[in-house]
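Undergrad:
2 protein chains.
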Amino acid sequence: MRRIRELGERWIIRVLFEIFEPLPDMPIPFGDDVSAIPINGENIVVLKTDMLVGKTDVPPGMSLRQAARKAIVMNVSDFAAKGVRPIAALVSLGLPPDLTEEDIREIALGLNDGAKEYGVYIIGGDTNESLDLTVCCILVGHSNRRRIIRRSGARPGDIVAVTGPFGKTSAGLKILLEGLSPPEYIREPLVKSVLMPGARLREGLLLADLEALTASIDSSDGLAWSLHELSDASGVGFLINNIPVAPEVKEFAGEYGLDPLDLSLYGGEEYELVVTVKPEIWDKAKDALNSVGAQLIELGRAISDKKIEANIDGKRIVIERRGWEHFKEERKH
Amino acid sequence: MRRIRELGERWIIRVLFEIFEPLPDMPIPFGDDVSAIPINGENIVVLKTDMLVGKTDVPPGMSLRQAARKAIVMNVSDFAAKGVRPIAALVSLGLPPDLTEEDIREIALGLNDGAKEYGVYIIGGDTNESLDLTVCCILVGHSNRRRIIRRSGARPGDIVAVTGPFGKTSAGLKILLEGLSPPEYIREPLVKSVLMPGARLREGLLLADLEALTASIDSSDGLAWSLHELSDASGVGFLINNIPVAPEVKEFAGEYGLDPLDLSLYGGEEYELVVTVKPEIWDKAKDALNSVGAQLIELGRAISDKKIEANIDGKRIVIERRGWEHFKEERKH
């Protein structure tokens, strides 16, 4: 009998979805970044849950306050990708019984930090005893059926873009896990990207307001994985001519003899948005984001051929379907 | 520095609520059975999350399929207490990596079992690697601000009642944990109450339709605890003249020299509703439940004096504030 450590997270999700009976008239399909139920007419309630587990999601050097904050941020990121404003959160905590009074305050403060940054209120939850720290956050908001940006709407010719450069969390995790000591001006932003990640909520809401996007996903499983998910859901491929690598990542990679593209493509826990933009709205969308100090960076184009290839500095790269996956033993980190 | 194993779950919840900023115009206060956000006018979205953890919530003899089903049922019970029909569920799973393919199917089937029994659809979730089985369920539904039955509405003179007899899960857990072997005709219903608990959704919805209740809570932390919670939230006391003990519990207690009232008052994981009923609607409410094969059993009356006392067979009993609490070392089970 095979164990799930060999089968991996995607296999588990497939089995679950095969067994669960689907809600009739489901506004958002199984497996998208968020879930929803219809309320009345076009109105829908949008929900997301993601669980932070100490062993796999809290690297050395991350405080309890940071871990709790991250548990909120990673859920906000999925709302951002769909262009939905989260309103409230519930939090179910699994707590090892040897945590102290101060630990609980740190966790509460971290949850409140994350919530306040994105205008979210924590309205309830549950506490339990567990072997390992477990923070299960649930976000709720409401939206309109037509506003939601699914993974499935990309069309050939759309511009594929991201909201920031990549590679920082891969590099930051390497620093924390392997105890590396690059110069402080590189170390600080890289480690910060892991300990204090941010979600691109402002960007996602603005892009949805402009009706600029045809498909969207967050990059929490890595850039390459996100491109493959958009490709599968939309039935398109991508021709990439730019992979934006953060400058600190280039320096870090140079210092340690690593491939900066590898760090940028196959990382994870990086909360940028990966979107396809209607070409006729591209300039408007880019200007709108720039005007609030945010970025929209072109990677390339969606194509009808279902392959994902990059042409970087005259070199052809096939972007593989790999990235962060729970349970699988061969890990990026 | 004190550890949470000394401080207990209620202390943790108090600290969390002190630190979290409350949502303005919160339709249901912190600490009630469910949470909610306003949508438009009187309409609200109702949410509940409760986490099942292998170590504390899955007794020996409970299959994975039963554990997963229970994770849904315990959330449905809170919706039942508030008179709200759940529509959909999200499930965040924490899974030990040595679970097998078959284990995952069992968990999926159990979740689907619980959902189907109560007309709920599972619309999404998340899977993670963890040290211990963790099933974090989230239920969602919608309702009306005025329909929701809070814990705080009981008035002196109201009839306090429950939807079934008590003590079965305490006895059943004792059998499973201590390996007791009472006669099969007692053992079977007692163990079943633990392995295949049911939520009183039909009862809760019917009582809300009749506008029969002034306050309501489920008895998942035990009957005594639930009475104390209603007392605190409503600012009333209770004079009890009947504690309905299940017949199998009486026999079991006789056989093993246990106090049947103790088993009934201070257990937990028992999913009856504990409600206060408007006296003028009592007959109608009781008849309505009886006509669908359900029960409404009078315990006594709400009183203005904030004490909780029972007078059983001429003996005065003070009902203590104790029952199931996570983290606390002195446990009922």
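Just so you know, the sequences run in chain order A and B.
Quick note, in my numbering, the first sequence goes up one by one and the last residue is 333.
Quick note, in my numbering, the second sequence goes up one by one and the last residue is 666.
Positions of the beta carbon are idealized from the N, C-alpha and C atoms, including for glycine.
1. Taking 8 Å as the CB-CB limit, is Met-529 of chain B close to chain A?
2. Can you look up Arg-347 of chain B in the DSSP assignment and give me helix, strand or coil?
3. List, in chain order, every chain A residue whose beta-carbon is nearer than 8 Å to that of Asp-383 of chain B.
4. Once you ignore the five residues that flank Ile-650 of chain B on each side, which residues in its own chain have a CB closer than 6 Å to its CB?
5. I need the boundaries of the alpha helix (DSSP H) containing Thr-502 of chain B, first residue and last residue.
6. Please work out which residues of its chain come closer than 8 Å, Cβ to Cβ, to Pro-60 of chain A, disregarding the five sequence neighbours upstream and downstream, and give them in chain order.
7. Please report the distance separating the alpha-carbon of Val-495 of chain B from that of Ser-234 of chain A.
8. Which residues of chain A have a Cβ atom closer than 8 Å to the Cβ of Met-395 of chain B, listed in chain order?
9. Consider the Cβ of Asn-112 of chain A: report whether some Cβ of chain B lies at a distance smaller than 8 Å.
10. Compare the C-alpha of Gly-222 of chain A against each of A:Tyr-121, A:Leu-296, A:Gly-167 and name the closest.
11. Within the 8 Å Cβ cut-off, does Leu-506 of chain B reach chain A?
12. Please state whether the Cβ-Cβ distance between Phe-238 of chain A and Val-140 of chain A is less than 8 Å.
13. Let me know the secondary structure DSSP gives Ala-627 of chain B once reduced to three states.
14. With DSSP run on the structure shown, which of helix, strand or coil describes Arg-301 of chain A?
15. Going by DSSP, name the residue or residues bridged to Pro-371 of chain B.
16. What residues from the segment 61-86 of chain A come within 8 Å of chain B, judged by C-beta to C-beta, listed N to C?
17. Going along chain A in order, which residues have a C-beta closer than 7 Å to the C-beta of Val-348 of chain B?
18. Does the segment 528-538 of chain B come into contact with the segment 412-427 of chain B, if we say contact requires no fewer than three beta-carbon pairs (one atom in each stretch) closer than 8 Å?
19. Note down, in chain order, all residues in the segment 256-280 of chain A with a beta-carbon under 9 Å from any beta-carbon belonging to chain B.
20. Please list, in chain order, all residues of the same chain as Asp-646 of chain B whose beta carbon is under 7 Å from its beta carbon, the five residues on each side excluded.
21. Count the other CB atoms, across all protein chains shown, that sit within 10 Å of the CB of Met-74 of chain A; report buried if there are 16 or more and exposed otherwise.
22. What runs of the beta strand (DSSP E), each 3 residues or longer, lie entirely inside the segment 223-279 of chain A?
23. Check this for me: beta carbons of Asp-50 of chain A and Ser-463 of chain B, under 8 Å apart or not?
24. Could you list which residues in chain B have their beta carbon closer than 7 Å to that of Pro-97 of chain A, in chain order?
25. Near Ile-303 of chain A, which residues of its chain fall below 6 Å by C-beta distance, leaving aside the five closest residues on each side in sequence?
26. Sort A:Gly-110, A:Arg-105, A:Ile-123 by Cα distance to Ala-88 of chain A and report the nearest one.
27. Quick one: which chain A residues come within Cβ less than 8 Å of Asp-358 of chain B?
28. I need the straight-line Cα distance from Pro-360 of chain B to Asp-259 of chain A, nearest angstrom please.
29. Taking only runs that begin and end inside the segment 86-149 of chain A, name each unbroken beta strand (DSSP E) of 3 or more residues, in chain order.
30. Count the other C-beta atoms from every protein chain shown that fall within 10 angstroms of the C-beta of Glu-588 of chain B, then say buried if there are 16 or more, exposed otherwise.
31. Out of A:Lys-48, A:Ala-68, A:Leu-47, which has the shortest C-alpha to C-alpha gap to Asp-57 of chain A?
32. Checking 8 Å against the spacing of the C-beta atoms, do Leu-546 of chain B and Leu-540 of chain B come in under that value?
33. Could you pull the start and end residues of the alpha helix (DSSP H) that Arg-649 of chain B belongs to?
34. Checking contacts by CB at 8 Å: is Phe-499 of chain B closer than that to chain A?
35. Would you mind sorting Gly-443 of chain B into buried or exposed? The rule is 16 or more other CB atoms within 10 Å of its CB.
36. Whose Cβ in chain B lies nearer than 8 Å to the Cβ of Phe-252 of chain A?
TA: Based on what the coordinates show:
1. no
2. In the structure shown, Arg-347 of chain B sits in a helix (DSSP, three-state: H, G or I).
3. Ser-92, Asp-126
4. Ala-643
5. 501-511
6. Leu-176, Leu-177
7. 53 Å
8. The premise fails here: Met-395 of chain B is roughly 16 Å from chain A at the closest Cβ pair, so nothing lies under 8 Å.
9. yes
10. Among A:Tyr-121, A:Leu-296, A:Gly-167, the Cα nearest to that of Gly-222 of chain A is on A:Gly-167.
11. no
12. no
13. coil
14. strand
15. Paired residue(s): B:Ile-377.
16. none
17. Ile-104, Arg-105, Ala-108, listed in chain order.
18. yes
19. Flagged: no residues at all.
20. A distance below 7 Å between beta-carbons, with the five flanking residues on each side excluded, links Asp-646 of chain B to no residue of its chain.
21. Buried: at least 16 other Cβ atoms inside 10 Å.
22. 237-240, 273-277
23. no
24. Arg-336, Ile-337, Arg-338, Phe-660
25. If we look at Ile-303 of chain A and ignore the five residues flanking it on each side, its Cβ neighbours are Pro-156, Gly-237, Leu-239.
26. Nearest option by C-alpha distance: A:Ile-123.
27. Result: empty, since nearest Cβ-Cβ is about 10 Å, beyond 8 Å.
28. 53 Å
29. 88-95, 121-129, 134-144
30. exposed
31. Answer by Cα proximity: A:Ala-68.
32. yes
33. Looking at the DSSP string, Arg-649 of chain B is not in any alpha helix (DSSP H); the run it does join, the beta strand (DSSP E), is 648-651.
34. no
35. buried
36. What Phe-252 of chain A touches in chain B: nothing, since even the nearest Cβ is about 28 Å away.
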